[in-house]
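> Structure provided below as structure tokens; questions to follow.
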Amino acid sequence: IRLSKQRFFGTGRLLRAFPDMVPDRREALASLRVGLTKATARAKAAAKQAVKTGKNAMKKEDK
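Numbering (the working numbering), first residue to last: 2 to 64.
Here's what the structure looks like:
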């Protein structure tokens, strides 16, 4: 019962309860961070593309 309660009290206690999980957790965080940066880059690229197509559409309307 004690372990299941501790699991919800932040990361410090969780790591103390499962010391063998520390490197895995670091790896998970690192991969998460990489995934996030990739997703952000994709979103930015998509936004740029949307702006371009929007501008092109406006140019066509002006003609």
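Cβ coordinates follow ideal geometry from the N, Cα and C atoms, glycine included.
1. How big is the Cα-Cα spacing for residue 42 and residue 29?
2. Once you ignore the five residues that flank residue 32 on each side, which residues in its own chain have a CB closer than 7 Å to its CB?
3. According to DSSP, simplified to helix, strand and coil, what is residue 2?
For this structure:
1. Reading the sequence shown from its first residue, position 41 is the one you call residue 42. Reading the sequence shown from its first residue, position 28 is the one you call residue 29. Straight-line Cα distance between these residues: approximately 20 Å.
2. Stepping through the sequence shown from its first residue, residue 32 is reached at position 31. Closer than 7 Å at the Cβ level, and outside the excluded window around residue 32, lies no residue.
3. Along the sequence shown, read from residue 1 onward, the residue named residue 2 stands at position 1. Any reading at residue 2 is ruled out, since the residue's pLDDT is 47, under 50, leaving its predicted position unreliable.
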